[in-house]
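Residue numbers (my numbering), protein chains in the order written: chain W, 1 to 374; chain U, 375 to 615. The beta carbon of each residue, even a glycine, is placed where N, CA and C say it ideally should be. Working notes, beginning with the structure itself.
Structure, rendered in structure tokens:
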């Protein structure tokens, strides 16, 4: 039940590493960091005394795809992350304890590690009807979330659900599913979006926090810069085909077989920030574009509401019919063009008739209505 | 400011007639005219390349390494966009140091009742409700409003364009630091869509603008298109107002 938290040293010893090797490691690290003679003992001391960071992993409205992704991490292996690097005190889907026993761990961690534990949230709380659309342990999830967040050090928002809202927050969002940062305002929040996020990205974030004891550098949207600072498009291996102007036009055409750019097939790579095109999936085997399908932009805000996955130009439904920017624009230009043609026609007709009735020495036919004629 | 050409009346043309003396005012100074025509060309380039960025032309054959079609299209778009901004900044500078007409684009005299009356009058003129237009040295009130709105709109296009450009430059670029705030308001895809709709709004503006300029050139009491070439506003009658 996590009563006695292991230190890093204890974990290292448990894994069969000798004290001699441990001291060697500390000396080497201190030397390479240029820390001076006592640096080595300080590192050893820190590793011997610093407890592993307890992590509470909660589940709101979600599909558990984040957990499914997480347990497939290869670098580091998820067993190392869960069993060695962090102290995963609570995760109702993969923990042994259940029911009241599991619930008791939440309270225990909250009291024992006040302000020291990481709250990892998968999914989001629905706020409509006082949160009754997601009941966890007999209480609305939103209450539990606020309670646990109150005493946490920081919150990790796993996946598109916790970061942006994902499918349950797609229009019209009947349950009023709300991303974590709109509910928890007083804690640092790291967003790790994706549906699901890449396994190595998830374990990478966890490793960073546990190793350095602080949050990684975040971008404007609150995502870790190290994984979300580049677009899929900018690191895509098919990018040369985009620059050359070589596109897949149909799913079964020759260009698709040749692996041309999927831009015209609605690939959302140009508007999606994620590490898929560099880290890839399933231990670096492949990623959607490599498998011949465009990116659907699953790590972007509101990706369900950005029109079809297969159109480059977003569908705009404001007019009750299917349209996109080009159709609306061309229609508007056509209507205005027609109106102007009509206006020009009326102008011409009126002007022709006026020329006859107002002979004027001025060459031009205007000026008679002003009363005071030259 | 006011110069009177055709004051020299000694010369006779082949029909034996002399030119009459009519008022001419120097309105559009050289930097303003230059800006106008550079803008026209850049906007044309931006609309064409922008359309192709949204809907690329059919695929080019051959090796990817031998082609750079989208690269060139995007280069023209980005280069034209940044030139547009540079020229716009120069135009803003000229509004500060140029003549009084150079400031018209950026200021609306909304407290001036005569101006509002003039706007109504221009509406009537375009609705065929009045027989004759008024004379204006600078923009007529309706055109003034249209131009002011277009400038505001153009700024929005520049800001959204720079924000989209900053995505390619990376989030550590100065472009992203300056314009990345747009992505706190819109998602990237939405901003692309809005920027694209903006292109069509510019097309609509261009249609109206050219029509109005040609129509006014024929029907109004002052010169229009040639004024944007020579800078001089010629009046076609000596009648008051």
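Item: Whole-Å CB distance - residue 565/U paired with residue 538/U, under 8 Å assumed; Value: 6 Å
Item: CB contact check: residue 593/U to chain W, cutoff 8 Å; Value: yes
Item: Endpoints, the beta strand (DSSP E) within which residue 158/W is located; Value: 154 to 158
Item: Contacting residues, own chain, Cβ-Cβ under 8 Å from residue 615/U (five flanking each side not counted); Value: 508, 509
Item: N- and C-terminal bounds of the alpha helix (DSSP H) containing residue 460/U; Value: 443 to 471
Item: Min CB distance residue 443/U to chain W below 8 Å; Value: yes
Item: Near-chain U residues of the segment 228 to 246 of chain W (beta-carbon distance less than 8 Å), N- to C-terminal order; Value: 229, 230, 231, 234, 240, 241, 242, 243, 244, 245, 246
Item: Beta-bridge partners of residue 58/W, as assigned by DSSP; Value: 121/W
Item: Below-8 Å beta-carbon distance, residue 129/W vs any chain U residue; Value: no
Item: Which listed residue (330/W, 15/W, 153/W, 160/W) has its alpha carbon closest to that of residue 300/W; Value: 160/W
Item: Under 8 Å from the C-beta of residue 582/U: neighbouring residues of chain W; Value: 336, 340
Item: Residue 88/W, enclosing beta strand (DSSP E) - first and last residue; Value: 87 to 91
Item: Chain-order list of residues whose beta-carbon lies under 8 Å from that of residue 315/W (same chain, five-residue window excluded); Value: 307, 308, 322, 323, 324
Item: Whether residue 574/U touches residue 329/W by CB criterion (8 Å); Value: yes
Item: Inter-residue Cα distance where the pair is residue 517/U and residue 544/U; Value: 40 Å
Item: Residue closest to residue 587/U, alpha-carbon to alpha-carbon, out of 599/U, 595/U, 408/U; Value: 599/U
Item: 8 Å Cβ cutoff met for residue 286/W and residue 237/W; Value: no
Item: Under 8 Å from the C-beta of residue 306/W: neighbouring residues of chain U; Value: 561, 563, 564
Item: Proximity test, residue 599/U beta-carbon vs the ligand ATP heavy atom, cut-off 7 Å; Value: This structure lacks the ligand ATP; in fact it carries no ligand of any kind.
Item: Check whether residue 57/W and residue 120/W have beta carbons under 8 Å apart; Value: yes
Item: Contact set between the segment 425 to 444 of chain U and chain W, restricted to residues whose Cβ is under 9 Å from the partner; Value: 425, 428, 429, 430, 431, 432, 433, 434, 435, 436, 437, 438, 439, 440, 441, 442, 443, 444
Item: Contact list for the segment 179 to 203 of chain W against chain U, Cβ threshold 8 Å; Value: none
Item: DSSP state of residue 78/W mapped onto helix, strand, coil; Value: helix
Item: Beta-carbon spacing of residue 608/U, residue 596/U below 8 Å; Value: yes
Item: Neighbour list for residue 301/W in chain B, Cβ cutoff strictly below 8 Å; Value: No chain B is present in this structure, whose protein chains are W and U.
Item: Within chain U, partners of residue 249/W - CB distance below 9 Å; Value: 432, 433
Item: Contact set between residue 314/W and chain U, taken where Cβ atoms lie within less than 8 Å; Value: 563, 564, 566, 567
Item: Nearest to residue 533/U (by Cα), restricted to the options 610/U, 417/U, 550/U, 546/U; Value: 550/U
Item: Short CB-CB distance (under 8 Å) between residue 255/W and chain U; Value: yes
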